[in-house]
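Protein chains: 2
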Amino acid sequence: MSKSSSITIKDVAQSAGCGVATASRVLNNSGPASADVRERVERAARELGFSFSSIGRALQSRRSMTVGCLVPSLANPVFAEAVQGVQAELLGSGYQMLISCSNYDGAADEAAIEMLLSKETDALVATMVAPDRSPTLRLAQKRGIPILLMFHDPLDGFITSYVDNFDAAKVVARQFADLGHRRTAFLALRFTTSDRSRNRYAGFHSECRARGLPDPALIEIGEAEANQPDRLAAILAQHPKLTAIFASNDFLAIAVQKAARLLGWRVPQDLSVVGFDGIEVGRLLEKPLATIETSPEAMGRQAARSLLNLLQGGPSIQPPALPFAFRAGATLALPNPEKGDDGRGATQPPSDLPAEPQAQTRMNR
Amino acid sequence: MSKSSSITIKDVAQSAGCGVATASRVLNNSGPASADVRERVERAARELGFSFSSIGRALQSRRSMTVGCLVPSLANPVFAEAVQGVQAELLGSGYQMLISCSNYDGAADEAAIEMLLSKETDALVATMVAPDRSPTLRLAQKRGIPILLMFHDPLDGFITSYVDNFDAAKVVARQFADLGHRRTAFLALRFTTSDRSRNRYAGFHSECRARGLPDPALIEIGEAEANQPDRLAAILAQHPKLTAIFASNDFLAIAVQKAARLLGWRVPQDLSVVGFDGIEVGRLLEKPLATIETSPEAMGRQAARSLLNLLQGGPSIQPPALPFAFRAGATLALPNPEKGDDGRGATQPPSDLPAEPQAQTRMNR
DNA sequence: TCATCCAATGGAAACGTTTCCACCACATAG
DNA sequence: CTATGTGGTGGAAACGTTTCCATTGGATGA
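Top to bottom, those sequences are chains S and R. The numbering used here numbers the first residue of the first sequence as 1 and each following residue consecutively. The numbering used here numbers the first residue of the second sequence as 1001 and each following residue consecutively.
In structure tokens:
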């Protein structure tokens, strides 16, 4: 039955005929012990099937050997892969990962962090709705718990593992501009819940300006529109002059193509589409998706490495932004000259654009 | 600094001028206490910012309030969503989730379970390479730890949350048969590492037999082939008479289309393709993917519910298989009559086909 | 030969809880 | 007025570790 669950070091010591202190020293290799007793203890432990209680250990050492991980959702492969990266990097370290999802809800973020803290995780790695405005995260920081953010651009007082969204978006703008696109748009989902999306728009916008092009339109949609091609099509139809769309992520880019098809617009002849993230499936599509390729897994790994470093008392240094690359695809082409360009700028003004994102965001790469 | 981390119930008791026992009773509402002392304790706790140490609690109560979760990979959205479901269902219960990935490696499975056990998780939810052959899992079972499998078909002594792969595959076979397809194939990745895949093939095969059709070909490929369309195309080219392919999962189905395109085969005119899982992106493709739609999230939720039930001492009952549905798409059509059907059966014999899967697998729905 | 040192060892405290038990005061029933 | 509860309380044990400290015995150096 379950009698084996209650084998403690005391049992081992007794069976080996020594004190618990000695048994502990032998089993941990943490002090002197004669070959004789060492042998006896090891045999006893083996025969009894002893294994340490990490709870007892945690209590005594005040280290739970656990790191808490908070992401918006695992249904989004980008986050799932990042978590996988964290997990992989943590593997041999003895640390385990406690996971939590917020479903893109700021209040859930707070609750989750609180929960993780109450579980006494030794460290935190998180992607949140608004880490800069999270009292609970600040609390954790005050307690001296190592914290690593993922995906977020550098933020005062926190280390983060990220790709430079601003820079990457500029690359997309450049691609559009080089091909001669003037009427462009940025399409985002849940704009307010993602600083990443915001920074991408900022970079895109900034580069268009720098090139003397009309401001890109900003199209924000809800989840409902993203999942129902006809509704998305209706929204696109309000921007008939558009020749190129930069979608805030690859799924959105795929949805755009679906919607465009409903409108009878050909991709890329009538509309160029570029995504963001570089998810694997984009490669396999009939028209491989042009996108910014990133590696969420590498991001998770870097975050975990930094975390382990902090946990070993290492210095708190912000690593450089992770690399990204523009991936060419079949969804990007020259603009269709038939879509008359009357020179008018995009109609919709930016809603919540950070003036000119902080300089360090773009420097450390 | 980090002085707030060391506030224990002893501090609260002292500050409130009472014994720890009393403080504990007040804070837990677990015993009598005068209104007076109750007030004092609560105020003290509030002012000191006290919060329970779940480690101390775990030690005393011998419950870590933690469930371990093991899946092959989070990079596969099917598993990621299942984990998300588990997480969501666990949310209000006070249980936290410790996560681990095996990367489809049986040895890693063992190591992971061992790790989770050593962390003294109160329960386990797992998808493994071979749960029926895992000594560590048996050990956990012996210790009386509640265990729930996900995705696996019912297995002696374990409860599982699953969809009936055998039945679902029969539905696909029926779709093919009804349209008049005779030369079909089942395409699987890593056949040996997935009992799910095996059962799908078995169901597909069985239904073809039942209809008096030629045995379907079994095409097993490695990850390399799956990700490189030209290599997959080369493999497909060896089966020129095929009119329909049942891919073991949706990504594979998408890859098949890519490969078919390289060969100049039109989908669905020259080749019908059906997938499995029903991932969201399949809907958004230019040709929406015909597939078996399942809900990994519901699976995770069901598993978590069953687990919570077990943890509360509930009886160990196997819930019925989760529903699935055939999702029509644009990748399935009548066979092309030009692809001559000479009546010869498929060449490649089944490699490791379970004779006729256990009856209960198909019954409880 | 004696003083010193060191490896080997075990007892006990500490970590933060919960809970058993004993105690006290007070009220109520006889 | 005495027995019998009962609500309120705190001391102490227990959970499984690790680690500090004291004790032992034997070896080494003078």
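Glycine included, every Cβ here is placed at the ideal spot set by N, Cα and C.
Rounded straight-line distance, which links the Cα of residue j to that of residue i
| i | j | result |
| --- | --- | --- |
| A1237 (chain R) | L1284 (chain R) | 28 Å |
| D250 (chain S) | L242 (chain S) | 19 Å |
| T121 (chain S) | I145 (chain S) | 8 Å |
| L139 (chain S) | R1057 (chain R) | 22 Å |
| R38 (chain S) | R1025 (chain R) | 44 Å |
| F186 (chain S) | S197 (chain S) | 10 Å |
| R46 (chain S) | I9 (chain S) | 12 Å |
| L1048 (chain R) | R1040 (chain R) | 12 Å |
| V1125 (chain R) | D195 (chain S) | 34 Å |
| A173 (chain S) | H181 (chain S) | 9 Å |
| E280 (chain S) | S1206 (chain R) | 34 Å |
| Y95 (chain S) | A168 (chain S) | 33 Å |
| L27 (chain S) | V20 (chain S) | 10 Å |
| S6 (chain S) | F276 (chain S) | 52 Å |
| G68 (chain S) | A33 (chain S) | 37 Å |
| A1177 (chain R) | C1208 (chain R) | 8 Å |
| G106 (chain S) | F1324 (chain R) | 34 Å |
| E1338 (chain R) | W1265 (chain R) | 12 Å |
| D215 (chain S) | M150 (chain S) | 30 Å |
| S1184 (chain R) | D1164 (chain R) | With the sequence shown as reference, residue 1184 (chain R) is identified as Thr, and Ser is not the correct amino acid for it. Straight-line Cα distance between these residues: approximately 21 Å. |
Helix, strand or coil at residue i [DSSP, three-state]
| i | result |
| --- | --- |
| H327 (chain S) | For clarity, residue 327 (chain S) is Arg in the given sequence; the question names His instead. Residue state, collapsed to three classes: strand. |
| T136 (chain S) | helix |
| L263 (chain S) | helix |
| V1067 (chain R) | strand |
| L1179 (chain R) | helix |
| L155 (chain S) | strand |
| D277 (chain S) | strand |
| L334 (chain S) | coil |
| A16 (chain S) | helix |
Spatial neighbours of residue i in its chain, beta-carbon cut-off 7 Å, leaving aside the 5 residues before and after
| i | result |
| --- | --- |
| F1326 (chain R) | V1171, Q1175, I1292 |
| S1306 (chain R) | L1148, I1159, S1161, P1319 |
| A1088 (chain R) | R1301 |
Run of the alpha helix (DSSP H) containing residue i, from where it starts to where it stops
| i | result |
| --- | --- |
| F246 (chain S) | Note, F246 (chain S): premise wrong, no alpha helix (DSSP H); beta strand (DSSP E) at 244-247. |
| L74 (chain S) | Segment: none, L74 (chain S) is in no alpha helix (DSSP H) and carries neither H nor E. |
| D1270 (chain R) | D1270 (chain R) -> no alpha helix (DSSP H), and no H or E assigned at all. |
| V1163 (chain R) | Run containing V1163 (chain R): none; DSSP gives neither H nor E here. |
| V1281 (chain R) | 1281-1284 |
| F186 (chain S) | Careful: F186 (chain S) lies outside any alpha helix (DSSP H), inside the beta strand (DSSP E) at 184-189. |
| L124 (chain S) | Segment 123-126 is the beta strand (DSSP E) holding L124 (chain S); no alpha helix (DSSP H) there. |
| N199 (chain S) | 195-210 |
| P1214 (chain R) | No alpha helix (DSSP H) contains P1214 (chain R), which DSSP labels as neither H nor E. |
| G1056 (chain R) | 1054-1061 |
| P229 (chain S) | 229-237 |
| G371 (chain S) | Look at the range of chain S in this structure, 1 to 365, and you will see that residue 371 (chain S) is not part of it. |
| T1008 (chain R) | Premise fails: T1008 (chain R) is in no alpha helix (DSSP H) and is neither H nor E. |
| P1296 (chain R) | 1296-1311 |
| A1044 (chain R) | 1035-1048 |
Limits of the unbroken beta strand (DSSP E) element including residue i
| i | result |
| --- | --- |
| Q96 (chain S) | 96-101 |
| E1220 (chain R) | 1217-1221 |
| I292 (chain S) | 290-293 |
| M1150 (chain R) | 1147-1150 |
Sub-9 Å separation of residue i and residue j beta-carbons
| i | j | result |
| --- | --- | --- |
| L1308 (chain R) | L1090 (chain R) | yes |
| L271 (chain S) | A290 (chain S) | no |
| A1188 (chain R) | L1218 (chain R) | yes |
| F166 (chain S) | G203 (chain S) | yes |
| D1109 (chain R) | M1128 (chain R) | yes |
| I1055 (chain R) | L311 (chain S) | no |
| A1210 (chain R) | P1229 (chain R) | no |
| K287 (chain S) | A330 (chain S) | yes |
| P77 (chain S) | A1080 (chain R) | yes |
| L137 (chain S) | I113 (chain S) | yes |
| G85 (chain S) | G282 (chain S) | no |
| A298 (chain S) | L263 (chain S) | no |
| L1117 (chain R) | R1133 (chain R) | no |
| P154 (chain S) | N103 (chain S) | no |
Cβ neighbours of residue i in the same chain (closer than 8 Å, five flanking residues each side left out)
| i | result |
| --- | --- |
| A333 (chain S) | L179, P268, Q269, S272 |
| G157 (chain S) | Q141 |
| E225 (chain S) | R231, L232, I235 |
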